[in-house]
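> Mapping to UniProt numbering: the sequence shown position 109 is 109, numbers consecutive. First the structure, then my questions, so here it is.
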Amino acid sequence: MKSIKSLPTPVSPFLSHSVTIVIPCLNEEGNLEKLFQTLHQTFQNLEFTLPVLLIDDGSTDNTPQVLSRLCAQYPYLKTIRHPHKQGVTRVWKTAIAHVNTEWIFWGQADLESDFQTDVPLLLEACTSGVDGVAGWRQQRGDGKVMASKFANLACRMFFGLKIHDMNWIKLVRRDILAEIPFNIVTHRYLLAILAGWGYNITEVLTPWHPRFSGKSKFGRGRLMTSAISFLRALCWFHVERQLYQPHLYISAAFKAICVGFRAGREAFELQVQRDRLANY
């Protein structure tokens, strides 16, 4: 049974450079050239280079052809291709199986994150005693804010997570990621589980940018799968820790519902104000 932090923290990744940048990718042909131009400039600014592993999760556009050219241009780039789409959780499992560095930097291929600002920010924030750092999107405009707020709120209530944005860019120790049963937890709640285990997960403010090319892979159907994944992770976590305190769950659930209604009302009132201004 695991309940508290049990593995010693390795040397700061900013000092050791033992970091692999992992980038999940699905049909991002229009972003890749600019993405690696930005990443290459990031390494020049840092004055050191990190290995990059891009995992193509079964793209059906010209992503494989673009990646072939980029591999010839950037020697630090390695790619792995899934024969068909398997989902982000499987991408995480592939990454952990193929990364040998002490830390994994989980990036994005859509250019909503700027490597030039975000890689140094997360590396510098990962000081002694920190086991993981997440980027907290500022001025986010992707239409997923309310769903994200509710999910993060639930994880702060039930797992003791202290951050506000668990499902974007992150820098995490590979050894503790390898302990997570991804078939149960899935990728969405890995930082929540680590926080519940007692690992020190912090965050830094990072700017959000509109997607450069292509379409978001997020749809309304993911809201239901995310909720199911949360319940499965919560049950597994508390059974593993042998915690049976239903009154706490009911109290936390009631608080989450109240916050959800309040957030929904505020969003509705804001939309009404926008409509009034638009019709003025």
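Glycine included, C-beta positions come from ideal geometry on N, C-alpha and C.
Around the C-beta of histidine 187, are 16 or more other C-beta atoms found within 10 angstroms, so that it is buried, or is it exposed?
buried
> State whether the region 50-67 contacts the region 17-29, with contact taken as three or more CB pairs (one from each stretch) at a distance under 8 Å.
yes
> Helix, strand or coil for threonine 9 per DSSP?
Threonine 9 falls in the coil class under three-state DSSP.
> Flag this pair as yes or no: are the beta carbons of leucine 111 and leucine 70 separated by less than 8 Å?
no
> Is the region 172-182 touching the region 91-101 in the sense that three or more CB pairs, one from each, lie closer than 8 Å?
yes
> Per the contact definition of three or more C-beta pairs closer than 8 Å, is the region 201-214 in contact with the region 224-241?
no
> Spatial neighbours of aspartate 131 within its chain, please: CB distance less than 8 Å, with the 5 preceding and 5 following residues excluded, ordered by chain position.
Lys5, Thr9, Val172, Arg173, Ile176, Leu194, Tyr199, Asn200 and Ile201
> Are lysine 170 and leucine 191 close, meaning C-beta to C-beta below 8 Å?
yes
> List in chain order: all unbroken beta strand (DSSP E) runs of 3+ residues lying wholly within the region 186-213.
201-207
> By DSSP, does residue 281 sit in helix, in strand, or in coil?
Residue 281 falls outside the range modelled here, since the chain spans only 1 to 280, and no answer is possible.
> So who's on the other strand from isoleucine 104, going by DSSP bridges?
Its beta-bridge partners are Thr20 and Val172.
> How close, in whole Å, do the beta carbons of alanine 134 and isoleucine 163 come, if the pair is a contact with beta carbons under 8 Å?
5 Å
> Quick check on DSSP: helix, strand or coil for alanine 147?
helix
> Is the distance from the Cβ of aspartate 165 to the Cβ of serine 216 below 8 Å?
No; because the gap between Cβ atoms is not below 8 Å, this pair is not in contact.
> What is the residue span of the alpha helix (DSSP H) that lysine 93 lies within?
Its alpha helix (DSSP H) spans residues 88-98.
> Tell whether a beta-carbon distance below 8 Å holds between serine 128 and serine 16.
no
> So, helix, strand or coil for alanine 134, using DSSP?
strand
> On the premise that phenylalanine 14 lies in contact with leucine 123, defined as a C-beta separation below 8 Å, what is that separation, rounded to the nearest angstrom?
4 Å
> Just list the residues that DSSP pairs arginine 81 with in beta bridges.
Asp56
> Threonine 20 and leucine 53: beta carbons closer than 8 Å?
Yes, these two residues count as a Cβ contact at 8 Å.
> Specify the secondary structure class of threonine 49 as computed by DSSP and reduced to three states.
coil
> Who are the near neighbours of phenylalanine 48 in its chain, counting only those whose CB is closer than 8 Å to its CB and skipping five residues on each side?
Excluding residues up to 5 positions away in sequence, His17 lie with their Cβ nearer than 8 Å to the Cβ of phenylalanine 48 in the same chain.
> Under DSSP, the alpha helix (DSSP H) around threonine 63 begins and ends at which residues?
63-73
> Taking 6 Å as the limit between beta carbons, can you name the residues of its chain near tryptophan 136, skipping five residues before and five after?
His164, Asp165, Glu203 and Leu205
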